[in-house]
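Worksheet: one structure, shown below.
Numbering (the numbering used here), first residue to last: 215 to 349.
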């Protein structure tokens, strides 16, 4: 019974798809062409460059979390949905934060292991304590 329940959980997790483990390949925003206004050197952590781009029909400035670009260099950035204000946080279009295709197989493997461990625990509880045989 426990093995069947574990197999059912694994099958349903497989059918649920990548969203079950928090994996999403869709970009949450609009990709636009931007130009670097103030480049940042890559000497320390947390470098932020200032970029300008056209968004919603008007020129907008954004803060790009990156470094090493030249002044006037053009690149594609993703502007988050619902972005507004003076300095919009953007990220490079070819970079995705926190996405890894290795998470799905790893998450599924951990789920299989946890189902196996739960099944073994149920087996041991139902079997009860072993009584030593005396000769």
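C-beta atoms are modelled at their ideal positions from N, C-alpha and C, and glycine is treated no differently.
**Q.** Which residues DSSP lists as bridging residue 246, in chain order
**A.** Reading the chain shown from its first residue, position 32 is the one you call residue 246. Bridge partners of residue 246: 291.
Q) If you draw a straight line from the C-alpha of residue 222 to the C-alpha of residue 306, how long is it? A) Position 8 of the chain shown, counted from the start, is the residue given in the question as residue 222. Position 92 of the chain shown, counted from the start, is the residue given in the question as residue 306. For residue 222 and residue 306, the distance between alpha carbons rounds to 41 Å.
(Q) Considering only their Cβ atoms, is the gap separating residue 252 from residue 263 smaller than 8 Å? (A) In the chain shown, residue 263 corresponds to position 49, counting from 1. In the chain shown, residue 252 corresponds to position 38, counting from 1. Here residue 263 is near residue 252, since their CB atoms are less than 8 Å apart.
Q) So, do the stretch 283-297 and the stretch 243-260 have three or more beta carbon pairs nearer to each other than 8 Å? A) yes
**Q.** Distance between residue 218 and residue 330 (C-alpha atoms, nearest Å)
**A.** Start at 1 with the first residue of the chain shown, and residue 330 comes out as number 116. Start at 1 with the first residue of the chain shown, and residue 218 comes out as number 4. Each residue's Cα considered, the two are about 11 Å apart.
**Q.** Nearest-angstrom Cα separation, counted from residue 308 out to residue 298
**A.** Translated into the one-based positions of the chain shown, residue 298 becomes position 84. Translated into the one-based positions of the chain shown, residue 308 becomes position 94. Roughly 22 Å between the two C-alpha positions.
(Q) Give me the residue from 303, 228, 323 with the minimum Cα distance to residue 294. (A) What you label residue 294 is simply residue 80 of the chain shown in a count that begins at 1. The shortest Cα separation from residue 294 among 303, 228, 323 belongs to 303.
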